[in-house]
Structure formats: C-alpha cells, structure tokens
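Counting with numbering that gives the first Met the number 0, you get residues 0 to 265 for the letters of the sequence shown.
Down below is the structure, laid out as structure tokens.
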Amino acid sequence: MTDPLLTKLLETALEAARGAGDLLRDGRPADLGVAATKTSPIDVVTEMDIAAEKLITDLLARRRPQDGVLGEEGADTEGTSGVRWVIDPLDGTVNYLYGLPSWAVSIAAEQDGETVVGVVTAPMRGETFQAVLGRGARLNGEPVYCRPAAPLEESLIGTGFGYVRERRIGQARVLNDVLPRVRDIRRGGSAAIDLCDVACGRLNGYYERGLNPWDFGAGALIAREAGALTGGRPGVPASTELTIAAAPGLFEPLRGLLDDLGAWHD
C-alpha cells in the first residue's frame, strides 16, 4: 500500500468523522427519542445514528466509490478496490440519548483485511484521535503514547457491558472478580473512547466482551500505534468474543486473569 493512498484514506476518514461529529453535536434535537432497538429493548438507535451514518456513507460514495463499507446501522456494500470502511456513526448512543458527553464517531479503513487507518472524534471533549499503520497515534495533531505498564493491582481498567440480560449476568460475575484485583474500574459507555483513553494514558487497560468490528476497529489501531497491545484470548486477535488493550507488561497478566475468569463467554 502506497503512502499517498494512506494519506488519502486518513484525509477522507477525518473529513467524514468531523462532518458526522458536527452533525451530531449541533443537530441533536431537544426531544431526541429512540428510533429503534437492536439486541434488546435497552439497546437503542436514535434518528441521529441513522443520519450520521448516511452522512458518512454519502461522503465515502463520492470520494471513494470503489471501496466497501460496513456500518453499525446497516451499511454493508462490497467494494472492488481492496479497501473497506468500518464505521460506527455514533459510539455511545445511550450517553448521547441522555445528554452525556462521552460519545464518538469511529471510522476505520482496512486494506485487504488489515486496519491501516483509524479516526475517533469525540466532539463534546473537543478531541480527535487518529492513527495510520506504522506512523504512530495522535490526539489533535500531537503524538500520544500509552501509559507505561503498572502492576495489575495498581492499574485503572476500563470496561463495558452488553445489553442482553444473559450477557450482563456473565459480565457482572467477571467484574466481581476483577474489581478487587485492580486499582479501580471505569465504565465510560463508548468502547472507541475507552481504547483511545488507553492510547493516551488515561486508562492502564481495557477489556470488553461483545464488541463488533465497528466498535473497536479504529480505536484498537490507535491504541496499538500508541504502544499498547490489543487482542482477545491467548493467540486470538480482538473480536466479538473478547477485546483487550493494555501496555506491554500489563496486557499479559490482564489477559491471563480474564481468560481464567472466562470473560470470553457468557
């Protein structure tokens, strides 16, 4: 993959993420309500999720008509260029619905199945994270790096929960065993932001079961380019089964603990 193409993909991702972020921030109606549900009655979609995805896919259709697209709210088209966009137009929908600031637009570009560009913009935090494979990670244009590894018991760990009752029961069981072994737990409500917070040192580590490719695609690349490791169970990459991110030296004990606790299954 040529450097000019990497640069073009990054420019396109930034343009799309900022446009969607502006729409979501400035266009949120005062009477915003639930437009649909997904995995359960509490797993919601708003009209703004749908509008933001349309803005992104329309821009990609103009700028990169030969590329494939996979989006959380239904976009799924095959491309012919070898590039596929993986987009979450509004990560943290429940936060957005309630007027909480921790929500983001996440856009990743894959080349032949490998993530090569990632952008996460969090408009209410005034932050845009970006990464290109092999070029490092940046926050608002400045390089960022993950926090050096700390002992597990001195680590601040982020996590998240699913919206299906059976999965939540399993996640609560795992959390009950993790919490006494770490400094503390944070649950922000946006996987993309949590991964970026690992990238810039605001969290020592992060784990979650049940994420989809659009949830972690951009954020995981940003975390790796900031020096963190990402993955799932031993020998398995990050996936819906389990996603983990942490600095080298913390990643291994965190993954070992989560594997022992069965965090990868309900």
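Glycine included, every Cβ here is placed at the ideal spot set by N, Cα and C.
DSSP three-state assignment for residue i, whether helix, strand or coil
i: residue 55; result: helix
i: residue 95; result: helix
i: residue 166; result: helix
i: residue 259; result: helix
i: residue 114; result: strand
i: residue 100; result: coil
i: residue 108; result: strand
i: residue 62; result: helix
i: residue 75; result: strand
i: residue 2; result: helix
Neighbour-count burial assignment, residue i, 16 or more Cβ in a 10 Å radius
i: residue 87; result: buried
i: residue 206; result: buried
i: residue 35; result: exposed
i: residue 150; result: exposed
i: residue 193; result: buried
Alpha-carbon to alpha-carbon, residue j and residue i
i: residue 103; j: residue 255; result: 30 Å
i: residue 83; j: residue 8; result: 10 Å
i: residue 188; j: residue 91; result: 5 Å
i: residue 195; j: residue 221; result: 6 Å
i: residue 136; j: residue 95; result: 26 Å
i: residue 260; j: residue 180; result: 12 Å
i: residue 22; j: residue 115; result: 26 Å
i: residue 27; j: residue 99; result: 12 Å
i: residue 198; j: residue 173; result: 24 Å
i: residue 214; j: residue 152; result: 27 Å
Proximal residues to residue i (C-beta, below 8 Å), its chain only, five neighbours per side dropped
i: residue 56; result: 68, 70, 74, 86
i: residue 140; result: none
Residues of its chain near residue i, where Cβ-Cβ distance is below 6 Å and the 5 sequence neighbours each way are ignored
i: residue 46; result: 34
i: residue 264; result: none
i: residue 178; result: 184
i: residue 212; result: 85
i: residue 122; result: 20, 24
i: residue 80; result: 65, 66
Cβ neighbours of residue i in the same chain (closer than 7 Å, five flanking residues each side left out)
i: residue 163; result: 38, 39
i: residue 227; result: 145, 197, 198, 244, 245, 246
Suppose only complete runs of 3+ residues qualify. What are the beta strand (DSSP E) ranges in the stretch 15-48, listed by chain order? You should have 33-36, 43-45.
What residue ranges within the stretch 117-197 form continuous alpha helix (DSSP H) runs of no fewer than 4 residues, ordered along the chain? Segments of the alpha helix (DSSP H) lying fully in the stretch 117-197: 164-177.
Within the stretch 202-259, note down every full beta strand (DSSP E) run reaching 3 residues or more, in order along the chain. Correct list: 204-207, 228-230, 242-245.
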